[in-house]
Structures are given as C-alpha cells and as structure tokens.
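Numbering (the numbering used here), first residue to last: 6 to 368. Yeah, the Cβ is synthetic: ideal placement off N, Cα and C, and Gly gets one too.
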Ligand code: SF4
C-alpha cells in the first residue's frame, strides 16, 4: 500500500505547461507541515490491515529540488513509522535534472526505496514545448545515478503533449524500454484550469486527444511495455472532486486504465479468433479479468456481437491463467473447466458471463 502525501509544486524550478498540481492533488494553501504528514500517515494506517507492506510517498512536487532542510523535515516526519515497522520504506517523485550521487545517497540514508522520475517524453522538442526545462540527457543521467544507488525507479510519461506525434511517442516508448525502469505510469494530458495549456487551449492553439485516441495510444504503450517486461502500474489520473471541477478538456475517464485493458483484451480476442482453425473456440481468462474482458458497460461483448464473433466463443476461467492474457484452449479442456467451475455445459460459460453482464453491468 502507498500512503500519498502531496507537496504540490514544492521545489519545482519551472511551471510545466500542462501542470497544475494544486488541482490534481486537490490541495491548495500552505505547504504541508511535519505534523500534518504524521497525522495523514496515522489516518491511513488506522484503515490498513496489519502486516500490509506500506510505503509513504511524497508526490506532486520536485522533491530533490527542495532545500535539504525541507527534505529532511518531510523525511524525518515519516521516520517514527519506519522505526516502529508500520511503514517499510519511502517513495518520492522528482525531476530528472535534480539528482546526483550525493542526493541519491542522502535518499538511501533516509530509507527512500523508490524514486519516480517525471520523464514525460524522450523527445527534445516535445520537452521544450512542454517547458520542462531539462533535456533527454538529464533523464539518462538520472537513471544512471538511481541505478548506481540501487533505488527502485519508476518513470512517468505523458500522452498528448503539444508537438508529440505517433513517431515521437514510439521513440519515447523504445527509449524508455532501453532505460529499463522498474515500472511506468502513463497519464493522458488533461487541460486543467490554471495551467499554461489551458491558455493555449482557450486560444485554440492546443487540441487535446479524444478519449478514444488516448485509449488507443495508451493501449499501444501498455502492450509494448508488457512485451519488454516492464509493468505499467497506473494509467490515467486518480478521480477527485477538485480534478473534475477544474477539468477544461481532455480524455478524462475515471476508469481510464480499465478502458485500456479492455481494449487490449478485445484485440487479443479478435486475434485469437482469426487464428482459430474451428468456428467454435474456447477462451480462457483469469477469473479476476472477467470485467476487463467484458469491457465497461459490456462494450467488448457488444462489439463482438456486432462482428458476429461472440457466438463463436465459450469462455472459461482459470486462476492459473496469467492476468491480462487470453489463452485459446482445446474444446475438451473447455469441457473440464466448465465442470470444474460448476457450469452445466460448454456453452453455459457464455450464457453465465452474459447474464452476469445483463444484471450487474460494470464500471
Ligand atoms: S510537472 Fe512536475 S516539475 Fe513540472 S510543475 Fe508539475 S510538479 Fe513541478
């Protein structure tokens, strides 16, 4: 579990074009105090089951660009929880150009285990248009520093930055794969009130992606990272009243990640059906992927029906099946699974899933 502590814009040497951390975090006002940090951690811990592995994370600013005294104040606020064993380690987000060996050693000494780098793009022109104030080389250097310090590294990427084209996005994905981060987060750009991008949007100089296009491109990114063995641990911003009220435009959906996963499931299903040598096929998914397979408001089932493909499918679940992947299994196996999972016959899987959808819906 991650306990998020927001320090909006603290330490940021630039105001990036797309950013309004006050709106994203829902936090406006004075910088958070050490006492407030401790109270927040305590509140979260009271809601957490015992023995759950827990990290405290400082998000929303450029942590390593803060004066060292302020860094110490925040990290020390979490220290009693580390000492008592209620929290195992710390995590923070920062800019790539605010890291060196000495800073990394300081973080290690304060039990920081994970650093999330706001990389956003690996294209110089896109970074410049986004007013990031750092280069691609700064990202590469930061990765080296963090690797040498044996810190876990996450990379945050943006989708839909001004000037970013399909080719530059692909290049970014491939460059990030070469950097071998431990995980990636992908955020489609939203136009938030108070950001530089809002001004461009209002002047008609920036047009955000449609939801469909953002889902399509995020699906490409997620698939490519999965092929490279790099997990995408988050897709899209967390829903929140402040965020939604300040949203001017952009591909916003509270379950953006599920939309992307469902899109990938749909593509896999179509591909498997195209490869099948028989008309009727048995597809196996992990039971926890059922809602993703169906899609939000059963959109995937509706699409498959429109294409005349749904009738060809018997669906079975197996907890041993890898999450996010579909396997085509032999018809005989399909029969044994349906029995194992208490269904009546081969076609019942389809009927069960479908009736489940009709009554429950999803998302
Ligand atoms: S994107 Fe990061 S560095 Fe840029 S203004 Fe926002 S928090 Fe600061």
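| Item | Value |
| --- | --- |
| Among 175, 116 and 124, which has the Cα closest to the Cα of residue 155? | 116 |
| Can you tell me the Cβ-Cβ gap for residue 324 and residue 291, rounded? I've got them flagged as a contact below 8 Å. | 6 Å |
| My assumption, with CB atoms under 8 Å, is that residue 194 sits in contact with residue 255. Please give the rounded CB distance. | 6 Å |
| Looking only at C-alpha atoms, which of 222, 139, 93 and 301 sits nearest to residue 172? | 222 |
| Kindly indicate which residue of 21, 12, 274 and 143 has the alpha-carbon position closest to the one of residue 184. | 143 |
| Return yes when at least one heavy atom of the ligand SF4 lies under 6 Å from the C-beta of residue 17, else no. | yes |
| What residue range is occupied by the uninterrupted alpha helix (DSSP H) comprising residue 223? | 216-232 |
| Quick check: does the Cβ of residue 241 come within less than 6 Å of any heavy atom belonging to the ligand SF4? | no |
| Give me whichever residues DSSP pairs with residue 314 in a beta bridge. | Residue 314 pairs with nothing; no bridge assigned. |
| When you compare only the Cα positions, how much space is there between residue 347 and residue 319? | Low confidence applies to residue 347: its pLDDT is 33, below 50, so where it sits in the model is not reliable enough to give any reading. |
| Considering only the alpha carbon of each residue, which of 88, 98 and 18 lies closest to residue 9? | 98 |
| For the alpha helix (DSSP H) containing residue 48, list its first residue and its last residue. | 39-51 |
| So what's residue 23 in DSSP terms, helix, strand or just coil? | coil |
| Can you tell me which of the three DSSP states residue 206 falls into? | helix |
| So residue 131 and residue 166 are in contact, right, with Cβ under 8 Å, and what is the actual spacing, rounded? | 5 Å |
| Using C-beta distances below 6 Å, list every residue in its chain close to residue 262, excluding the 5 sequence neighbours before and after it, in chain order. | 240 and 241 |
| Rounded to whole angstroms, how far is the Cβ of residue 23 from the Cβ of residue 64, which I believe are closer than 8 Å? | Residue 23 to residue 64, Cβ: 16 Å. No contact. |
| How far does the alpha helix (DSSP H) with residue 3 in it extend, from its first residue to its last? | An answer regarding residue 3 cannot be provided, because it is not within the stretch 6 to 368 covered by the chain. |
| The ligand SF4 and residue 152: does the residue's C-beta get closer than 6 Å to at least one heavy atom of that ligand? | no |
| The ligand SF4 heavy atoms versus the CB of residue 138: any closer than 6 Å? | no |
| Out of 42, 306, 321 and 231, which has the shortest C-alpha to C-alpha gap to residue 293? | 321 |
| Less than 7 Å between the beta carbons of residue 141 and residue 129, yes or no? | yes |
| If distances are taken between C-alpha atoms only, which option among 107, 177 and 281 comes closest to residue 127? | 177 |
| From residue 285 to residue 275, what distance separates their C-alpha atoms? | 13 Å |
| Please report the distance separating the alpha-carbon of residue 317 from that of residue 218. | 29 Å |
| So is residue 235 buried or exposed if we call it buried at 16+ other beta carbons inside 10 Å? | buried |
| Report the CB separation of residue 163 from residue 192 in whole angstroms; it is logged as a contact under 8 Å. | 6 Å |
| In the DSSP output, what is residue 98 paired with across the bridge? | 121 |
| Can you tell me which of 36, 119, 300 and 133 puts its alpha carbon nearest to the alpha carbon of residue 148? | 119 |
| What first and last residue would you give for the beta strand (DSSP E) that runs through residue 68? | Premise fails: residue 68 is in no beta strand (DSSP E) and is neither H nor E. |
| Have a look at 52, 124 and 108 and flag the residue whose alpha-carbon is nearest the alpha-carbon of residue 153. | 108 |
| Going straight from the alpha carbon of residue 38 to that of residue 79, what length do you get? | 8 Å |
| Please report the residue range of the alpha helix (DSSP H) in which residue 85 lies. | 73-89 |
| Expressed to the nearest angstrom, what Euclidean distance is found between the alpha-carbon atoms of residue 93 and residue 42? | 16 Å |
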